[in-house]
DNA sequence: ATTTTATACATAGAAGTCTTATGTATATAA
DNA sequence: TTATATACATAAGACTTCTATGTATAAAAT
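Here's what the structure looks like:
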């Protein structure tokens with residue numbers, strides 16, 4: 017992703033949130049969406065994304081639908097039932113993480 | 017640290033911010049401080065902290081003062097000049113990271 | 001006509017961070 | 001006397017991500 021180690025560990029949470037939001041997406045679409053949302057500040061690399069998608073699929077968090085569009089392969093991913101409930105937990109953890117980091121960075125506000 | 021991968025990559029930023037705030041601290045003190053600030057939610061493990069401190073020292077970000085207190089060794093760390101300016105960058109990156117993550121999690125607000 | 005860019009997938013090797021487990025040592029509380 | 005708190009440290013393994021590389025089609029630019 018971008019500079020800074022901070023994004024490490026947030027990839028699966030990002031993917032799961034986007035799929036919750038958009039129903040189903042394919043890999044390349046996810047990279048473009050993240051670039052767009054963050055105004056180019058965060059770029060997800062393919063070397064990180066594809067193995068992550070495969071792992072989430074193997075864990076039963078995502079399921080895949082393969083389609084052929086314009087003579088090109090597309091693998092659409094969507095959350096399974098398990099994945100949907102997992103996403104709730106992930107987002108709660110993310111909120112808690114952000115809250116904790118803000119407590120550290122800005123101790124006066126807490 | 018705690019559950020969730022999210023904290024990966026945030027350790028050095030946390031350490032640098034705490035040292036900026038408190039002047040100088042020793043390892044054990046840092047672990048306790050973080051536990052206190054986050055109300056026990058974030059626990060920094062020694063296996064992560066000590067190697068991180070050594071690395072930051074090797075990079076010239078931190079410098080160490082060894083003292084003997086109550087027959088126990090203490091290694092106080094503080095930011096070097098380089099470390100102080102590095103901390104400014106790290107905190108800016110953290111703010112940007114949080115902003116980006118919030119854009120992803122809550123696209124309606126942006 | 002040919003090269004570059006965009007789309008779309010994939011993996012292998014290396015780098016880097018963190019966890020778990022373990023080790024040393026002193027002081028205090030149970 | 002045993003457990004807990006204080007205080008340091010490292011080694012092995014797990015895990016994630018990056019860089020580099022590979023395949024393939026289509027469109028745009030030179």
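Chains as they are written, first to last, in our numbering: chain A, 17 to 126; chain B, 17 to 126.
Cβ atoms here follow ideal geometry from the backbone N, Cα and C, with glycine treated the same way.
In chain order, which beta strand (DSSP E) runs of at least 3 residues are fully inside the segment 71 to 95 of chain A?
78 to 85 and 88 to 95
For residue 78/A, tell me which candidate among 50/A, 120/A, 112/A and 102/A has the shortest Cα-Cα distance.
102/A
What residues from chain A crowd round residue 33/B, counting only those whose CB sits closer than 7 Å?
120 and 121
CA-to-CA distance, residue 112/B to residue 62/A, given in whole angstroms:
22 Å
Would residue 116/B and residue 107/A qualify as a contact pair, given that the criterion is a beta-carbon distance under 8 Å?
no
Starting from residue 26/A, trace the alpha helix (DSSP H) in both directions and tell me its first and last residue.
Counting along the chain, residue 26/A falls outside any alpha helix (DSSP H), and DSSP gives it neither H nor E.
Given this structure, state the Cα-to-Cα distance separating residue 60/A from residue 21/A, to the nearest angstrom.
13 Å
Determine the chain B residues that contact residue 56/A at a beta-carbon separation under 7 Å, and present them in chain order.
Chain B residues near residue 56/A: none, gap ~11 Å exceeds 7 Å.
Thinking C-beta only, is residue 110/B closer than 8 Å to residue 29/B?
yes
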